[in-house]
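Here the structure is laid out as structure tokens; the discussion comes afterwards.
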């Protein structure tokens, strides 16, 4: 928890900030996303949908009072928190075994 610092990988920070800018728009499930979600773990899809709605709200709540760049940085930090939650809640080893079995 806390601010995004300059410690760590600069490319990862850059990708997180770029991804955070996409939360300016309302989340929708279009045909391409629906295709990518086929066969995915339901818990992961539920986390992702919850994440999209929360990050959209966070971006706009912060952008009302502060510059949009600050809002994007805050959303990037929130994204990391959701990724952590997914990795903590989902049995990654089981998903990897299923992936290797399907290949």
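Residue numbers (the working numbering): 760 to 862. Just so it is clear, CB atoms sit at the ideal spot from N, CA and C, and this is done for glycine as well.
- Of the other Cβ atoms in all chains shown, fewer than 16 fall within 10 Å of the Cβ of residue 851; this residue is therefore exposed.
- Rounded to the nearest whole angstrom, the CA to CA distance from residue 821 to residue 784 is 14 Å.
- Buried is the label assigned to residue 834, since at least 16 other Cβ atoms lie within 10 Å of its Cβ.
- Runs of alpha helix (DSSP H) with 4 or more residues, each lying fully within the stretch 831 to 861, are found at 851 to 861, listed in chain order.
- Taken in chain order, no unbroken stretch of alpha helix (DSSP H) lies wholly in the stretch 794 to 819 with a span of 4 residues or more.
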